[in-house]
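Q: Residue numbers (this note's numbering): 144 to 361. Here you go, one structure.
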Ligand SMILES: Nc1ncnc2c1ncn2[C@@H]1O[C@H](COP(=O)(O)OP(=O)(O)O)[C@@H](O)[C@H]1O
Ligand SMILES: [Mg+2]
């Protein structure tokens, strides 16, 4: 589902990624761990086409993202990548279900089909009763579930998550981690998750350790 080869990235003179090679199969949960500053978020942003590598290759679901222009990249992100961040980044002026619908509307899907799928996803994630509430009325755990529903809306090839449980208490974090496992088992969903959480790393199918811009253990 994902192949990364010889990825290099520098910011000015600072070399952040020093030749990262990395593969992920469909239906795998891979967690990326490592000290702060190791380059984990940079790697995730490049895989998700939010940032560009200086050299190397990223192929997602058979698509070589470095051959794409800006328009193709934003279309690619919308249709093939789901993002989950530490802070949910839900749009505050829209309800939970409207937030979940957003990626499908951007992709040009019909209103009816989109609303049905959004409610199915909210139900799958156990927050269907919160559908008509705005993000500020939801708990942290609920906000993160809505953000996951939004990430899944367009059936992404990969869900990329950067410290998804970093802002949750341990009980909500454990529930969120169980959700990732359930989504892998039910939907065969592929996840690449940057985390400091040992429990999440433990329940992943693979854990990759990054150090100073390289994968040193897989
Ligand atoms: N846009 C940027 N401009 C300059 N330096 C950056 C930028 N993004 C990240 N860095 C630097 O790259 C290094 C790796 O950052 P990051 O990938 O966020 O690490 P991690 O997620 O492992 O903590 C850090 O030293 C950070 O300061
Ligand atoms: Mg980071």
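Note that beta-carbon positions come from the ideal geometry of N, C-alpha and C, so glycine has one too.
Please name the residue, chosen from 296, 268, 147, 330, that lies closest to residue 251 on a Cα-to-Cα basis.
A: 296
Q: Let me check one thing: in DSSP terms, what residues is residue 253 bridge-paired to?
A: Its beta-bridge partners do not exist; DSSP assigns none.
Q: Starting from the Cα of residue 302, find the closest Cα among 291, 310, 311, 312 and give me that residue.
A: 291
Q: Relative to the C-alpha of residue 249, which candidate in 307, 236, 223 has its C-alpha closest?
A: 223
Q: If you check the beta carbons only, do residue 313 and residue 173 fall under 8 angstroms apart?
A: no
Q: For my contact list, residue 336 and residue 294 are in at a C-beta cut-off of 8 angstroms; report their separation, rounded to the angstrom.
A: 12 angstroms between Cβ atoms; not a contact.
Q: At which residue ranges does the segment 145-212 contain complete beta strand (DSSP E) runs of 3 or more residues, listed in the order of the chain?
A: 145-154, 157-167, 172-176, 198-203
Q: Suppose the cutoff is 7 angstroms on Cβ atoms and the five residues either side in sequence are ignored; what does the same chain contact list for residue 279 look like?
A: 235
Q: Hey, how far is the Cα of residue 106 from the Cα of residue 196?
A: Since the first residue shown for the chain is 144 and the last is 361, residue 106 is missing from the structure and cannot be characterised.
Q: Reducing DSSP to helix, strand and coil, say where residue 312 ends up.
A: coil
Q: For residue 182 and residue 191, what's the separation of their Cα atoms in angstroms?
A: 14 angstroms
Q: Beta strand (DSSP E) containing residue 335: first to last residue?
A: 333-337
Q: Using a Cβ-Cβ cutoff of less than 7 angstroms, which residues in the same chain neighbour residue 342 once the five nearest sequence positions on both sides are dropped?
A: Excluding sequence neighbours, residue 342 sits near 317, 320.
Q: How far does the alpha helix (DSSP H) with residue 289 in it reach, from first residue to last?
A: 283-295
Q: Name the DSSP beta bridge partners of residue 280, please?
A: None; residue 280 has no bridge partner.
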